[in-house]
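Residue numbers (the working numbering): 1 to 179. Using N, Cα and C, we set each Cβ at its ideal position, and we do this for glycine too.
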Amino acid sequence: LRPVRLFHPNMRESELGGFDAGRFVGSCAATNADGIVVNAGGIVAFYPSQVPYHYVSPLLNGHDFLKEVTAQLHAARMRSIARVDFSKARADLFSVHPDWFARNPDGSARTAGAYYDVCPNSPYLGEGFAFPVIREILKGYEVDGFHLNAGGFPGHCCCSKCQEKYQARFGAKLPLRID
Numbered sequence: 001l002r003p004v005r006l007f008h009p010n011m012r013e014s015e016l017g018g019f020d021a022g023r024f025v026g027s028c029a030a031t032n033a034d035g036i037v038v039n040a041g042g043i044v045a046f047y048p049s050q051v052p053y054h055y056v057s058p059l060l061n062g063h064d065f066l067k068e069v070t071a072q073l074h075a076a077r078m079r080s081i082a083r084v085d086f087s088k089a090r091a092d093l094f095s096v097h098p099d100w101f102a103r104n105p106d107g108s109a110r111t112a113g114a115y116y117d118v119c120p121n122s123p124y125l126g127e128g129f130a131f132p133v134i135r136e137i138l139k140g141y142e143v144d145g146f147h148l149n150a151g152g153f154p155g156h157c158c159c160s161k162c163q164e165k166y167q168a169r170f171g172a173k174l175p176l177r178i179d
């Protein structure tokens with residue numbers, strides 16, 4: 001056994017414009033890392049996804065970031081760890097599946113900037129969205145693993161599904177505030 005060093009650069013979507021995969025991989029190699037956490041999908045797809053409502057960044061401009069970077073990482077003898085984030089989604093998905101999103105105690109949708117926070121008990125985190133995205137990445141890309149970003153889902157969801165599950169498990173109403 002030996003230690004494994006991972007590097008997690010966490011790119012933003014805005015960095016895709018004019019992206020140079022070779023330069024990126026060269027910078028990653030300079031860290032002497034064994035594996036690189038590479039943005040893949042969830043809130044934003046860094047590849048040409050076919051999953052409904054999986055927002056594909058227009059800044060890809062015909063490129064496949066995940067495929068290009070994974071191939072170059074492997075050529076440089078580094079592993080590609082696909083970073084996915086299923087904690088939030090865009091307004092277009094919220095408008096179609098409002099029941100998949102977290103609610104405040106007053107029933108309003110919980111947001112984070114321009115995004116809607118996902119309910120941890122919703123189909124979004126399973127067959128509704130997350131599983132198809134992961135299957136698509138597994139089928140089309142030679143990634144060496146996954147990093148689930150924001151897996152803790154901060155906050156307190158008061159949607160009807162969470163209220164029902166709490167009532168069934170504890171025989172009491174879901175508290176509207178954490179104390």
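> Just the Cα atoms here: how many angstroms apart are D20 and H63?
Replying inline: Here residue 20 is taken as the residue at index 20 of the sequence shown, counted from 1. Here residue 63 is taken as the residue at index 63 of the sequence shown, counted from 1. Going from the Cα of D20 to the Cα of H63 covers about 11 Å.
>> Looking at the strands, I want to know which residues DSSP matches up with D64.
In response: Your numbering for residue 64 matches position 64 in the sequence shown. Partner(s): none; D64 has no beta bridge.
>> Pull the bridge partners of L148 from the DSSP assignment, please.
In response: For the purposes of this step, residue 148 is taken as residue 148 along the sequence shown, with counting starting at 1. DSSP lists V84 as partners of L148.
> Could you give the residue range of the beta strand (DSSP E) that holds D117?
Replying inline: One-based indexing of the sequence shown puts residue 117 at position 117. Y115 to D117 is the extent of the beta strand (DSSP E) around D117.
>> In the DSSP assignment, the alpha helix (DSSP H) including V133 goes from what residue to what residue?
In response: For the purposes of this step, residue 133 is identified with residue 133 of the sequence shown, where counting begins at 1. Looking at the DSSP string, the run of the alpha helix (DSSP H) that includes V133 is A130 to G140.
> What span of residues does the alpha helix (DSSP H) with V96 cover, start to end?
Replying inline: Position 96 of the sequence shown, counted from the start, is the residue given in the question as residue 96. Run containing V96: A91 to V96, per the alpha helix (DSSP H) assignment.
> Shortest alpha-carbon distance to A29 belongs to which of S49, E13, H8 and W100?
Replying inline: Sequence index remark: in the sequence shown, residue 29 carries index 29 (1-based). That would be H8, whose Cα lies nearest to the Cα of A29.
> When the Cα of S49 is compared with those of G140, C162 and L93, which residue comes out closest?
Replying inline: Counted from its first residue, the sequence shown places residue 49 at position 49. Closest by alpha carbon: G140.
> In terms of residues, what are the limits of the beta strand (DSSP E) holding G239?
Replying inline: With the chain covering only 1 through 179, there is no way to say anything about residue 239.
>> Spatial neighbours of A112 within its chain, please: C-beta separation below 6 Å, excluding the five flanking residues on both sides.
In response: Your numbering for residue 112 matches position 112 in the sequence shown. So the qualifying residues of the chain are K88.
>> Buried or exposed for I178, going by 16 or more other Cβ atoms inside 10 Å?
In response: On the sequence shown, position 178 is the one that residue 178 refers to. Taking all protein chains shown into account, I178 has fewer than 16 neighbouring C-beta atoms within 10 Å of its C-beta and is therefore exposed.
>> Considering only DSSP beta bridges, list what A112 is partnered with.
In response: Residue 112 sits at position 112 when you count from the first residue of the sequence shown. Looking at the DSSP assignment, A112 forms a beta bridge with Y115.
>> Please list the terminal residues of the continuous alpha helix (DSSP H) segment that includes A29.
In response: Residue 29 sits at position 29 when you count from the first residue of the sequence shown. Note, A29: alpha helix (DSSP H), A21 to A29.
> If you draw a straight line from the C-alpha of C119 to the C-alpha of L148, how long is it?
Replying inline: Taking the first residue of the sequence shown as position 1, residue 119 is located at position 119. Taking the first residue of the sequence shown as position 1, residue 148 is located at position 148. Approximately 16 Å between the Cα atoms of the pair.
> Where do the ends of the alpha helix (DSSP H) carrying Y124 lie?
Replying inline: Within the sequence shown, numbered from 1, the residue matching residue 124 stands at position 124. Run containing Y124: none; DSSP gives neither H nor E here.
>> Going by DSSP in three states, A75 sits in which element: helix, strand or coil?
In response: Your numbering for residue 75 matches position 75 in the sequence shown. When secondary structure is reduced to three states using DSSP, A75 falls in the helix class.
> With 16 other CB atoms within 10 Å as the buried threshold, where does S95 fall?
Replying inline: For the purposes of this step, residue 95 is taken as residue 95 along the sequence shown, with counting starting at 1. Answer is exposed; the Cβ neighbour count stays below 16.
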